[in-house]
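To start, the structure itself, in C-alpha cells.
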Amino acid sequence: MTEADRTRVAIVGAGPAGLLLSHLLAASGIDSVVLDQRSREEIENTIRAGILEQGTVDLLVSSSASSRVLTDGTRHDGIELRFAGEGHRIDFPGLVGRSVWLYPQHEVLRDLVAARLAAGQDLRFGASVERVEDADSDRPRVVGTDADGQPFEIDADFVVGADGSRSVVRPTVTGASTGGYFREYPFAWFGILCEAPPSSEELIYSNSENGFALISQRSPTVQRMYFQCDPEADPDALDEQRIWAELQSRVPGTTLREGTIFQRDVLRFRSFVAHRLRRGRVALIGDAAHTVPPTGAKGMNLAVADVVLLHEALTALLLENDDRPLDTFADVALRRIWKAQHFSWWMTSMLHVAPDASDFDRLRQLGELRSVVESEAGRTYLAEAYTGWPFETRLA
Ligand code: DHB
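Under this note's numbering, the residues of the sequence shown are numbered 20 to 415, in order.
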C-alpha cells in the first residue's frame, strides 16, 4: 500500500515552467509539490537558449526568482540580420522601447532551484511520474516511483504537466502521447560552446548561400554559435577546423575569433502545439504544451507566459473558488502560442536555406529580408515579437 501525499498543486517537471509556477504559487500562499525524474545536476546543466524577453526578466526580478539576471546577464538592445554580405541592425529600444537579456536558461534554473529550496519547497528529484488519474474530478492524483524506487501517490486539487516535450502528463489531457499539430523541418543546428572572446557584441543572425549561422555569446571568455546542418548530422563527426570553416563561411564580413570547442550538440527543429491544453483539473504548460524551432529563442519565454496565465487561473480557482480564468486559460494561452509559433517559423524559414531551395526560393528570400530591414514597419514587427508581446491574462 502506498500512502497518498496531499498538496494543492502537483507540478510534474522542474524546468523553468514548473519551478517558476511553484515560486509564484508559494508567493500567493498556495503549496505545491514539484516532481522531476532528472537529478538536480542534470536539470542545472542542460544547455539551452540564452535570450530572455523583457517581460520574462521583469517577472524574474519582481517575483524575487532571480536578481542575478540583472548583474550576470547582459542587456541586448538589438540584433543584426545579415544577408547578401551586409549587416542590418534592428534597434529594439528605438523601435519598441524594450530590450532582451542574454542570460542562459541553465542560470535561470540554478536561481529557481536555489530560491525554491531556500523557501522549503517540496521538490523531488529522481521521481518518475507514471500517470495522472481522475483528471475530471476535484481530486486528481499523480502516481509514480520515487528516487529510492518506492511507489508514491500525490492527491492534489490540480495537476500541471510542465514535463517537457516528452511529457507523460500530455496523454491525460490530449488522449494520445502526441495529440497535437506538428511540423518538422529539413534542417537542424550544429551548436558549439567555445573558449574565445566575443566575435561580435550583439547577436548576428546570418543568412548566406551556405546556410544559416547564429553568432551568440555567453560571457567575455565563452561563446555560443550555431550553424545550419543536416538533422542526421553526428556532432562528433566534424573536427574543430571544419566547424570553424563552416561557421566562418556563413558570416562573410566578420572574422570569427576561434578557440577551443568544449561542447557540441545537434538541435532538431520541430513545431508542435497540443490539441488541448487542459482537461478538467489537469493543464499543460511549456514544452509539454508546445515546441518551437530555436530561431528567435521563444521556447522558455513562451513557457513563462503560460505560467503567468496559469498562476492567475489557479489563484482564482483555489483561493476564490472562481473558475472563470481557468475556463479561458487555454484560449488566452493559445493566442500567444500561435503568434510565437508563427514568429519562430517565420524567422526560421526566412533565414535558413532549405536543402531543395531553387534559385527562385533564394532570391525571394532575399526580397523578404530586404522588405523587413528596409521598412520601419517590418523592423518594428520583428522587434515587437523578439522582445516579447505584453503578457495578457484575459480574452479581449
Ligand atoms: C541563442 C539561441 C537562440 O535560439 C537564439 O535565437 C538566440 C540565442 C543562444 O543560445 O544564445
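Built from N, CA and C at the ideal position, the CB exists for glycine as well.
{"Asked": "CA-to-CA distance, Leu-54 to Ser-147, given in whole angstroms", "Found": "8 angstroms"}
{"Asked": "Reference Leu-266, options Phe-231, Phe-410, Arg-289, Ala-195, closest by Cα", "Found": "Phe-231"}
{"Asked": "Check whether Gly-32 and Ala-181 have beta carbons under 8 angstroms apart", "Found": "yes"}
{"Asked": "Heavy atom of the ligand DHB within 7 angstroms of Ala-359 beta-carbon", "Found": "no"}
{"Asked": "beta-carbon Ser-51 near the ligand NAD non-hydrogen atom, thresh 7 angstroms", "Found": "Absent from the structure shown: the ligand NAD. Ligands present: the ligand DHB."}
{"Asked": "Own chain, CB closer than 7 angstroms to Asp-50, minus 5 neighbours either side, in chain order", "Found": "Thr-26, Arg-27"}
{"Asked": "Contained beta strand (DSSP E) runs [length at least 3] in the segment 287 to 338, N- to C-terminal order", "Found": "301 to 303"}
{"Asked": "Local conformation of Gly-272 per DSSP, three classes", "Found": "coil"}
{"Asked": "Under the three-state DSSP convention, the category Phe-111 falls into", "Found": "helix"}
{"Asked": "C-beta contact flag for Thr-193 and Arg-295 at 8 angstroms", "Found": "yes"}
{"Asked": "Straight-line Cα distance separating Ala-133 from Thr-93", "Found": "21 angstroms"}
{"Asked": "Where Thr-240 falls, given that 16 or more other Cβ within 10 Å makes a residue buried", "Found": "exposed"}
{"Asked": "The segment 368 to 382 / the segment 72 to 92 touching (three or more Cβ pairs under 8 angstroms)", "Found": "no"}
{"Asked": "Cα-Cα separation, Val-323 to Gly-69", "Found": "14 angstroms"}
{"Asked": "Pick from Cys-213, Val-327, Arg-289, Ala-46 that is closest to Pro-409, judged by C-alpha positions", "Found": "Val-327"}
{"Asked": "Inter-residue CB distance, Val-187 and Ile-173 (contact presumed, cutoff 8 angstroms)", "Found": "About 14 angstroms; that fails the 8 angstroms criterion."}
{"Asked": "Residues of its chain near Asp-341, where Cβ-Cβ distance is below 7 angstroms and the 5 sequence neighbours each way are ignored", "Found": "Ala-335"}
{"Asked": "Contact under 8 angstroms by Cβ, Glu-228 with Gly-97", "Found": "no"}
{"Asked": "beta-carbon Pro-35 near the ligand DHB non-hydrogen atom, thresh 7 angstroms", "Found": "no"}
{"Asked": "Inter-residue spacing [alpha-carbon to alpha-carbon] between Arg-287 and Gln-169", "Found": "35 angstroms"}
{"Asked": "Identified DSSP bridge partners for Ala-29", "Found": "Val-52, Val-178"}
{"Asked": "Distance CB(Phe-246)-CB(Gly-315) smaller than 8 angstroms", "Found": "no"}
{"Asked": "With 16 other Cβ atoms within 10 Å as the buried cut-off, status of Pro-35", "Found": "buried"}
{"Asked": "Every unbroken alpha helix (DSSP H) within the segment 75 to 121, with a cutoff of 4 residues, ordered by chain", "Found": "87 to 91, 111 to 115"}
{"Asked": "Reference Arg-189; option with closest CA among His-309, Arg-354, Gln-360", "Found": "His-309"}
{"Asked": "Closest by C-alpha distance to Thr-347, when choosing among Arg-298, Trp-364, Ser-290", "Found": "Arg-298"}
{"Asked": "Reference Ala-251, options Ser-290, Ser-225, Arg-237, Phe-209, closest by Cα", "Found": "Here residue 251 turns out to be Glu, not Ala, going by the sequence shown. When each option's Cα is compared against that of Glu-251, the closest is Phe-209."}
{"Asked": "Ile-223 CB to nearest heavy atom of the ligand DHB below 7 angstroms", "Found": "no"}
{"Asked": "Boundaries of the alpha helix (DSSP H) in which Gln-360 is found, first to last residue", "Found": "343 to 370"}
{"Asked": "Cutoff 8 angstroms; reference Met-20; Cβ partners in own chain excluding five residues on either side", "Found": "The pLDDT assigned to Met-20 is 47, lower than 50, so where the model puts this residue is not dependable, and the model offers no usable value."}
{"Asked": "Neighbourhood of Pro-344 by C-beta distance below 6 angstroms, restricted to the same chain and skipping five residues each side", "Found": "Glu-331, Ala-332, Ala-335"}
{"Asked": "Spatially closest choice to Pro-123 from Ser-196, Glu-152, Gln-242, by CA coordinates", "Found": "Gln-242"}
{"Asked": "Any non-hydrogen atom of the ligand DHB within 7 angstroms of Arg-243 CB", "Found": "yes"}
{"Asked": "Closer than 7 angstroms: Pro-313 CB and nearest the ligand DHB heavy atom", "Found": "yes"}
{"Asked": "Buried versus exposed call for Pro-216 [16 or more other C-beta atoms within 10 Å across all chains shown]", "Found": "exposed"}
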